[in-house]
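Visitor:
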DNA sequence: GCGAGTTGCTCAGTGTACTGACTAAAATCT
DNA sequence: AGATTTTAGTCAGTACACTGAGCAACTCGC
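Structure (structure tokens):
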């Protein structure tokens with residue numbers, strides 16, 4: 629009968645926000661490397677030699693998705709996946725030199741992109757937006773920790 | 629070299645927000661009908677007899693994605709897709725009785741879910757969050773209108 | 001009224017993201 | 001040590017979401 633106004637629905641808005649971000653990313657940052665892939669490169673820059681499980685916690689993705697992502701990045705030669713000799717279940721991950729180079733390049737571009745993306749808001753609003761999204765996401769993740 | 633802090637990156641936060649939302653949706657709203665599918669049902673409740681192109685504008689999804697979604701909902705008997713006799717290119721879409729019933733049921737559950745999802749914020753913050761996301765998304769969509 | 005352009009849809013391909021079932025390896029508990 | 005449980009990873013299946021190519025139908029300019 630009566631339809632609702634989707635612009636008051638956080639889920640719908642979240643999807644649109646991510647969609648808009650992806651679009652801008654491909655034009656301003658990279659067509660080859662996606663934002664989740666950058667998150668993986670970034671995590672491995674900060675913490676090399678971790679396994680897929682630990683990585684999945686850092687970037688907030690589940691193990692299946694990480695496996696796909698890591699396989700793609702491996703195929704492109706941006707990281708290495710080596711079986712842990714001390715624990716035969718684990719794949720130990722490490723960036724290659726090329727992977728580190730790609731990460732360095734994307735860091736500057738990403739910074740620039742974020743400025744453009746948030747340009748419609750003033751500085752206080754930008755800070756508020758990021759903080760509020762973080763709180764909602766954290767709380768929701770808590771529910772199924 | 630130096631890794632960045634992803635918690636200050638709107639794209640990463642947007643993905644986490646949507647991820648958290650999807651998780652809560654499947655537990656509190658429906659396991660069969662996803663949030664984008666609900667958006668389609670809602671749009672057709674408000675405006676029946678539109679074609680896929682118009683629908684894609686209403687829910688902010690591209691034509692390929694809409695085609696998939698509509699096909700799935702059609703298979704489940706929630707909507708009908710009829711060739712427009714006046715324009716042989718168009719598929720005219722209309723909810724079935726069952727589709728309208730599913731929409732009605734999900735409206736109440738979605739309202740409840742949104743309350744839980746935004747519960748970590750007070751009312752002013754909730755309003756702020758939705759408004760700020762909307763402004764950023766609108767502006768970004770403007771760039772590639 | 002006919003050719004050129006536009007429009008609505010489909011299809012193939014790729015990437016993200018989940019669940020659930022499974023395998024293999026390690027840790028734990030008698 | 002042997003049986004049980006937990007853990008890391010893979011695989012199949014499904015859904016969302018985009019691009020780019022292509023097709024069929026309509027519109028417009030002349």
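Residue numbers (the working numbering), protein chains in the order written: chain A, 629 to 773; chain B, 629 to 773. Where a beta carbon is used, it is the ideal one built from N, C-alpha and C, also for glycine. Everything numeric in this text was worked out from a predicted model, so none of it was measured.
(1) Would you be able to state if there are at least three C-beta pairs under 8 Å between the region 630-643 of chain B and the region 738-753 of chain A?
(2) Below 8 Å on the Cβ atoms is my contact criterion, and I expect residue 733/B with residue 676/B to pass it. Report the Cβ-Cβ distance as a whole number of Å.
(3) Any C-beta of chain A sitting closer than 8 Å to the C-beta of residue 764/B?
(4) Can you give me the start and stop residues for the alpha helix (DSSP H) that residue 759/B sits inside?
(5) In angstroms, rounded to a whole number, what distance separates the CA positions of residue 737/A and residue 705/B?
(6) Below 8 Å CB to CB, which residues in the same chain sit around residue 769/A once its five sequence neighbours on both sides are set aside?
(7) Against chain A, does residue 663/B count as a neighbour if the rule is that its beta carbon must be under 8 Å from one of theirs?
(8) Can you find a C-beta in chain B that's less than 8 Å from the C-beta of residue 680/A?
(9) Per DSSP, what kind of secondary structure is residue 734/B in: helix, strand or coil?
(10) Straight-line CA distance for residue 767/B to residue 631/A?
(11) So which residues of chain B does residue 676/A contact, with C-beta pairs closer than 9 Å?
(12) Quick one: list the residues of chain A neighbouring residue 631/B, beta-carbon separation under 7 Å, in chain order.
(13) Buried or exposed, going by whether 16 or more other CB atoms sit within 10 Å of the CB of residue 667/A?
(14) Does the contact criterion of 3 or more C-beta pairs under 8 Å hold for the region 670-684 of chain B versus the region 649-668 of chain A?
(15) Classify residue 739/A as buried or exposed, calling it buried when 16 or more other Cβ atoms lie within 10 Å of its own Cβ.
Guide: So, from the data block:
(1) yes
(2) Going by Cβ atoms, the distance from residue 733/B to residue 676/B rounds to 19 Å, so no, they are not a contact pair.
(3) yes
(4) 751-771
(5) 46 Å
(6) 688
(7) yes
(8) no
(9) helix
(10) 25 Å
(11) Result: empty, since nearest Cβ-Cβ is about 10 Å, beyond 9 Å.
(12) 670, 673, 674
(13) buried
(14) no
(15) exposed
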